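The numbers in my numbering rise by one with no breaks, and the one at position 72 of the sequence shown is 72. Think of the CB as a built atom: it goes at the ideal place given N, C-alpha and C, for glycine as much as any other residue. Quantities reported herein were computed from a predicted structural model and do not represent experimental measurements.
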Amino acid sequence: MKSDVKTGLILEGGAHRAIYTAGVLDVFLENDIKFDGVIGVSAGAIHGGSFVAKQHGRSINYTLKYAGDKRYMSFYSLLTTGNLVGEKFCYHDLPEKLFPFNHQQFETADTKFYVTCTNLETGKAEYIYCDELRDKMAYLRASASMPFVSQKSYVGGKVLLDGGIADSIPVRAMQNLGYNRCVVVQTRARGYQKKKNKLVWLAHILYRNYPQFVKAIANRHIMYNLELEDIENMQNKGELFVIRPSKNIKISHTEKNKETIKKVYELGRHDALSCLSEVKEYLGI
């Protein structure tokens with residue numbers, strides 16, 4: 001591979017839908033497919049962190065173990081803590097004790113890791129470089145904190161939430177960071193079009209002090225669908241390699257059925273294996 005080529009991996013979010021991405025990433029790990037940079041959004045950032053840390057199977061194993069656990073992701077957690085995703089359990093108990101995150105491997109990796117968050121004050125996306133996650137785990141949490149069901153994250157002097165609100169699939173952002181040969185993993189099948197959020201009225205109430213964030217929520221479907229069009233055009237020109245579900249995924253944000261979760265993960269594995277030789281050729285491996 002030429003020295004002027006920098007490879008990038010872009011990971012869309014989607015709560016439990018992104019377990020599809022975990023399947024793709026495990027296939028990459030099994031076949032020693034590496035990238036110079038990885039950028040993740042929401043759940044895509046969470047699975048991307050484990051990928052950079054080379055922790056094969058970590059995402060699917062803890063998801064299967066704790067799906068349905070009220071401490072993990074539940075309305076019980078939302079009612080008792082203000083977060084649908086349990087902050088203490090998911091960002092402390094799980095990575096520190098139950099399924100330890102390999103900080104040393106992450107910090108010594110040759111791959112740069114970026115997390116996408118949305119700044120409530122500006123309504124714009126922030127692409128945060130994380131050279132470590134011991135102290136910067138809060139950015140990962142902010143990226144995966146869905147509006148309406150998460151408390152606002154105050155990190156680094158900023159007010160942050162779900163990165164997918166301002167930039168759901170940050171291909172252009174990755175290219176602007178200098179990564180000129182990119183693979184994107186989407187979590188929606190070809191043909192999907194996002195519709196306007198029916199809770200915009202609630203956003204005006206909950207986030208009344210952040211009008212730019214409310215605007216971003218109201219316009220998200222427009223941004224997302226334009227990104228899909230842009231990605232399709234780049235793919236057709238050979239400027240981008242895209243992996244997306246080969247069939248529609250039916251899984252809820254708070255899916256408790258472990259068979260459903262496993263099927264979506266296995267679909268990610270299947271789709272990645274199906275195009276493995278093409279990915280290697282595209283990346284020059």
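Near A45, which residues of its chain fall below 6 Å by C-beta distance, leaving aside the five closest residues on each side in sequence? Contacts found: V115, L140, S143.
Assuming L84 contacts Y62 (C-beta within less than 8 Å), just tell me the rounded distance between them. The pair is not a contact, with the Cβ atoms about 17 Å apart (cut-off 8 Å).
Mind checking who N119 pairs with in its DSSP beta bridge? Paired residues: L160.
Which stretch, first to last residue, makes up the beta strand (DSSP E) that contains Y154? Note, Y154: beta strand (DSSP E), 153-155.
If you check the beta carbons only, do V184 and V171 fall under 8 Å apart? For V184 and V171, yes; Cβs fall inside 8 Å.
Comparing C-alpha positions only, which one of K6, E281, R17 sits nearest to V41? Cα-wise, what sits closest to V41 is R17.
In angstroms, rounded to a whole number, what distance separates the CA positions of H103 and Q235? Each residue's Cα considered, the two are about 34 Å apart.
Quick check: the region 190-202 against the region 18-26, are at least 3 beta-carbon pairs closer than 8 Å? Cβ pair count under 8 Å is below three, so no.
Among A189, V214, Y20, whose alpha-carbon lies nearest the alpha-carbon of W201? Of A189, V214, Y20, the smallest CA-CA separation from W201 is found for V214.
Rounded straight-line distance, which links the Cα of L226 to that of K97: The C-alpha of L226 is placed about 41 Å away from the C-alpha of K97.
What is the residue span of the beta strand (DSSP E) that Y179 lies within? Y179 -> no beta strand (DSSP E), and no H or E assigned at all.
Quick check on L267: does DSSP put it in helix, strand or coil? In the structure shown, L267 sits in a helix (DSSP, three-state: H, G or I).
Which value, in whole angstroms, describes the spacing of the CA atoms of A173 and K262? Whole-angstrom Cα-Cα distance: 31 Å.
Anyone know if the C-beta pair for L267 and R181 falls short of 8 Å? Judged by beta-carbon spacing, R181 lies beyond the 8 Å limit of L267, meaning their Cβ atoms are not closer than that value.
Which residue's Cα is closest to the Cα of Y76: E121, Y20, V149, T111? Looking at the Cα atoms, V149 is the closest of the given residues.
Output the distance between the C-alpha atoms of K136 and F101, rounded to the nearest integer angstrom. K136 and F101: Cα-Cα distance of roughly 13 Å.
Three or more C-beta pairs below 8 Å linking the region 108-127 and the region 161-170: Because the criterion of three Cβ pairs below 8 Å is met, the region 108-127 and the region 161-170 touch.
So which of K112, E87, G238, K6 has the shortest CA-CA distance to E278? Considering only alpha carbons, the answer is G238.
With H, G and I counted as helix, E and B as strand and the rest as coil, what does DSSP make of I60? The three-state reading of DSSP puts I60 in helix, counting H, G and I together.
Buried/exposed call for G156, threshold 16 Cβ in 10 Å: By the neighbour-count rule (16 or more Cβ atoms within 10 Å), G156 is not buried but exposed.
Need the endpoints of the alpha helix (DSSP H) that A142 sits in, please. Here the alpha helix (DSSP H) through A142 covers 137-143.
Using a Cβ-Cβ cutoff of less than 6 Å, which residues in the same chain neighbour T7 once the five nearest sequence positions on both sides are dropped? Answer for T7: F35, D36, R181, L283, listed in chain order.
Coarse secondary structure for F113, derived from DSSP in three states: In the structure shown, F113 falls within a strand segment according to DSSP collapsed to helix, strand and coil.
Examine the ligand NAP and report whether any of its heavy atoms sits within less than 7 Å of the Cβ of S42. Ligands in the displayed structure: none, and consequently the ligand NAP is not present.
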